[in-house]
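FYI, the numbering for the sequence shown is 3 to 367, going by the working numbering.
Yeah, the Cβ is synthetic: ideal placement off N, Cα and C, and Gly gets one too.
Quantities reported herein were computed from a predicted structural model and do not represent experimental measurements.
Worksheet: the structure to be examined is printed underneath.
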Amino acid sequence: MIIAVDGPTASGKGTIAKALAAHFALPHLDTGLLYRAVGRQVQLVGGNPDDAHVALAACDFADSLLNDDILRSEEVGGYASRVSVHPQVRRALYERQRAFALQEGGAVLDGRDIGTVIAPEAQVKLFVTASIATRARRRWLEMTGRGIAADLAVIEADIAARDERDMNRADAPLMAAPGSVVLDTTHLSRDAAIKAAIAAVHARAAAETLRIRPFDDSLAKHFHDINAEWIAEMFALEPTDREVLENPREKIIAPGGDILFVEAHGLGIVGTCALQRTAPGSFELTKMGVREAARGLKAGEFLLAATIARAQELGASKLYLLTNRKCAAAIHLYEKLGFVHDAGIMADYGARYERCDVAMLYKGG
Ligand code: C5P
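Encoded structure:
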């Protein structure tokens, strides 16, 4: 999986990219460092960063420069922003970034043009942004925290100038790539931003690998087998289970309910879930099963969200489910997507299954 993280300076994209790399165990490249190294090299030779020839010659910088802390300074950042305007420089740095993106197993890259130029095929593209005032304050806190004297107004003006240059250059301007998820971190803490980014990656990955299939009779066997397997393994199949599993068209579809399936790329049908209409506007969410093979793909969450949406399409004013405490992972998921434990549902419907000791009602997510 290639994850592209783009955004303006001090938006939090570097922090987010690092956290995503750690979370998904992928290698990470901060591409800004390459431009900073070129800028630093120009500075070292006393050259003019606005001169394309000088900037191109500086692309031959020694790799050891990449570990120099001075690259992180505002001054070098300014040089980087100026050398990065030259198409010759961007071309010279292209192959290195491209090879990193295409390595086996995938990678996380952060920069300005990862989703647009370096890896437009990235499965996940994030565009991280925040207001200029917030970004300036973050940079100021970071600098004063490191004991560097800094003036907030100067930093703010500098960030605005850098945005202007990055967004308006002719070659690979900074912009959200088509199809990217925009993450505005202005009002988010560091942890909340990371959490949102991880959730966005999961959602994109799921959309890439998973798809919902509607009921048709050729899929009835999957409805039976997937559910019969997990119910028999954890409990015992009750007559009411058999009746539904063996006659889905008659027991679920004909009375106005529905059955959905989730298919995973390369694995086929991996899960299913039914909506049984029990009275006008009243639906029991039942027979939700996901195969072991799909664990880790978030197929259950994907399927449950689709089933809740389907219940709403069918006009459900009451959506409930009956289960057992042993199904802890599923209960956690039901809670996450808006179901709450409900004594009234237990009193009204709990007797339907011997194994029922948990009853939940959908209250909305
Ligand atoms: O992200 P960072 O602030 O370290 O980047 C320094 C400068 O390098 C940016 O202001 C931008 O002009 C340039 N850059 C770029 N394309 C990238 C990464 C950075 O033009 N992919």
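request  = Could you spell out where the beta strand (DSSP E) holding Lys-320 opens and where it closes?
outcome  = 320-325
task = Pair every Cβ in the region 199-213 with every Cβ in the region 141-151, then say whether three or more of these pairs are closer than 8 angstroms.
result = Because the criterion of three Cβ pairs below 8 angstroms is not met, the region 199-213 and the region 141-151 do not touch.
ask   = Given 8 angstroms as the limit, is there contact between the region 24-39 and the region 155-164, that is, 3 or more CB pairs closer than that?
value = no
ask   = Just the Cα atoms here: how many angstroms apart are Glu-210 and His-267?
value = Going by C-alpha positions, Glu-210 is about 8 angstroms away from His-267.
message = I'd like to confirm something about Ile-18: is its beta-carbon nearer than 7 angstroms to some heavy atom of the ligand C5P, or not?
response = no
request  = Return yes when at least one heavy atom of the ligand C5P lies under 7 angstroms from the C-beta of Arg-114, else no.
outcome  = yes
Contacting residues, own chain, Cβ-Cβ under 8 angstroms from Ile-271 (five flanking each side not counted) = Arg-215, Leu-221, His-224, Ile-228, Phe-263, Val-264, Glu-265
ask   = What are the start and end residues of the alpha helix (DSSP H) that includes Gln-43?
value = Looking at the DSSP string, the run of the alpha helix (DSSP H) that includes Gln-43 is 34-46.
query = Taking buried to mean at least 16 other C-beta atoms within 10 Å of its own C-beta, is Arg-141 buried or exposed?
reply = buried
Residue range of the beta strand (DSSP E) that includes Ala-6 = 4-8
ask   = How is His-88 classed by DSSP in three states: helix, strand or coil?
value = coil
task = Measure the alpha-carbon distance for Ser-63 versus Ala-301 and round it to whole angstroms.
result = At residue 63 the sequence reads Phe, which differs from the Ser that was named. C-alpha separation (whole angstroms): 47 angstroms.
key: Contact set for Arg-293: own chain, Cβ-Cβ below 7 angstroms, skip 5 residues either direction   = For Arg-293, where only same-chain residues beyond five positions count, the Cβ hits under 7 angstroms are Ile-228, Val-272, Gly-273.
query = So which of Val-246, Ala-361, Ala-313, Val-44 has the shortest CA-CA distance to Arg-327?
reply = Ranking the options by Cα distance to Arg-327, first place goes to Ala-361.
task = Consider the C-beta atom of Asp-219 and the heavy atoms of the ligand C5P; say whether any pair is separated by less than 7 angstroms.
result = no
ask   = So what's Ala-109 in DSSP terms, helix, strand or just coil?
value = strand
query = Do you know how far the Cα of Ala-313 is from the Cα of Cys-275?
reply = 11 angstroms
query = Since Leu-67 and Gln-90 are thought to touch, with beta carbons under 8 angstroms apart, how far apart are those beta carbons, to the nearest angstrom?
reply = Going by Cβ atoms, the distance from Leu-67 to Gln-90 rounds to 19 angstroms, so no, they are not a contact pair.
Given 8 angstroms, three or more beta-carbon pairs between the region 7-18 and the region 129-141 = yes
message = Less than 8 angstroms between C-beta atoms, sequence neighbours within five positions excluded: which residues of the same chain meet that for Arg-164?
response = Pro-10, Thr-11, Gly-79, Gly-80, Ser-83
message = According to DSSP, Met-362 sits in a beta bridge with which residue or residues?
response = Leu-323, His-343
message = Please determine whether the Cβ atom of Tyr-37 lies at a distance below 7 angstroms from any heavy atom of the ligand C5P.
response = yes
query = Buried or exposed: Arg-251, going by 16 or more other Cβ atoms within 10 Å of its Cβ?
reply = Exposed.
query = Whose C-beta lies closer than 8 angstroms to the C-beta of Ile-120 among residues of the same chain, with five residues either side of it excluded?
reply = Excluding its 5 nearest sequence neighbours in each direction, Ile-120 has C-beta neighbours in its own chain below 8 angstroms: Ala-6, Thr-33, Tyr-96, Gln-99, Arg-100, Ala-103, Leu-111, Gly-113, listed in chain order.
ask   = When every heavy atom of the ligand C5P is checked, does at least one fall within less than 7 angstroms of the C-beta of Thr-188?
value = no
Alpha-carbon spacing of Ala-296 relative to Leu-323, whole angstroms = 23 angstroms
ask   = Curious, which full-length beta strand (DSSP E) runs of at least 3 residues does the region 247-297 contain?
value = 260-266, 270-281, 284-292
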